[in-house]
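Beneath this line is the structure, given in structure tokens, with notes to follow.
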Amino acid sequence: MLPGVWAGVMRSGAQSQVVLGFGGAAPVAVRLPRRIFNKKKWGRGACSQWLSFLALEEVSEEGFMRVLFLGLAMALMASVAAASDRAALIAQIEAGGQNEYEDRRHSVEVNECQLTTYFWKKVAGEGWVLWTSFKIPMLLVDLAESKTEYGFRHFFAAEGDTPIAVINLKAKDGTDFPHEKSVLRKPKGELVPSQRNGGDTHFIERQTDVIIMHVGPDVIEKAEMFTKGYIRYVQEYCAFTG
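Throughout, my numbering is defined as the position within the sequence shown, counted from one, plus 1068.
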């Protein structure tokens, strides 16, 4: 059952009501007769169709309530399972997008269907500086493919003493996204001040291409984790919502 949906029963003598509520709307009461889907009252043809659907012979008020609440319980469990699966995918994407090596730190955040990337760089005399950050609409970008001896994957990798993994996200035709940069970097095009720190430390350009490069141990495994989680998340949670 989705959040904000609830049900209950009110009894008054021989008469009962199912009370349904949806979010903040006023509750709706539905009166129940003592016997529901009765063949004599409903007619054999119409009644048999409903009873066949419910796999029941003849449903009393109590039987109907059991069916109703069983359905609500199943909907609730499905909703909880879906929320848990979505949270697990987000955790997978964020874990795969996190890395630290020497003077480089990376992390990502998923908020609904937006991916925000962060790259901090250790700069002499400045310490750790947020060097670049992208806000990427996940449905409007594609992951570049790389061919390997085992087939295609959605990142580039170089193994060796210091492994490197590169994830390339490209905006679909006619779209772009904001690229936030430190003022210690040279602008490459039109820019507007960032809202971060009143615009004193960062500015924003528009981009159509993102490269995320991770260096160090386990980065290839992290890239695999990130890209697989990203693709599945977009297919399951963003394809119809944007």
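Virtual Cβ for every residue (Gly too), placed ideally from N, Cα, C.
Residue i versus residue j - alpha carbon distance
i: G1335; j: G1266; result: Only positions 1069 to 1310 of the chain appear in the structure, and residue 1335 is not among them; the question remains open.
i: R1173; j: Q1275; result: 21 Å
i: D1277; j: A1156; result: 27 Å
i: H1247; j: K1203; result: 7 Å
i: T1216; j: G1242; result: 30 Å
i: E1177; j: K1256; result: 26 Å
i: Q1182; j: A1307; result: 13 Å
i: S1152; j: A1159; result: 11 Å
i: F1224; j: I1235; result: 7 Å
i: H1282; j: V1260; result: 28 Å
i: L1305; j: D1244; result: Looking at the sequence provided, one finds Tyr at residue 1305 rather than Leu. One C-alpha to the other measures close to 21 Å.
i: T1184; j: R1253; result: 20 Å
i: K1240; j: L1208; result: 6 Å
i: H1222; j: I1299; result: 9 Å
i: S1201; j: E1168; result: 16 Å
i: E1170; j: F1187; result: 13 Å
i: S1214; j: Q1303; result: 20 Å
i: Q1263; j: Y1301; result: 29 Å
i: D1286; j: A1226; result: 12 Å
For residue i, the three-state DSSP class (helix, strand or coil)
i: Q1263; result: coil
i: G1195; result: strand
i: E1258; result: coil
i: D1153; result: helix
i: T1185; result: strand
i: K1203; result: strand
i: L1211; result: strand
i: G1219; result: strand
i: A1239; result: strand
i: V1283; result: strand
i: E1304; result: helix
i: Q1160; result: helix
i: E1180; result: coil
i: E1292; result: helix
Inter-residue CB distance, residue i and residue j (contact presumed, cutoff 8 Å)
i: T1295; j: L1198; result: Not really, about 24 Å apart at Cβ, beyond 8 Å.
i: P1231; j: I1288; result: 6 Å
i: K1290; j: A1233; result: 7 Å
i: G1297; j: I1161; result: 4 Å
i: K1249; j: H1270; result: 6 Å
i: E1258; j: E1273; result: 7 Å
i: S1175; j: G1165; result: 6 Å
Exposure of residue i, with buried meaning 16 or more beta-carbon neighbours within 10 Å
i: W1196; result: exposed
i: V1191; result: exposed
i: I1280; result: buried
i: G1193; result: exposed
i: G1219; result: exposed
i: N1179; result: exposed
The ligand COA heavy atom lying under 8 Å from the CB of residue i
i: D1229; result: Annotation note on the ligand COA: not contained in the displayed structure, which lists no ligands.
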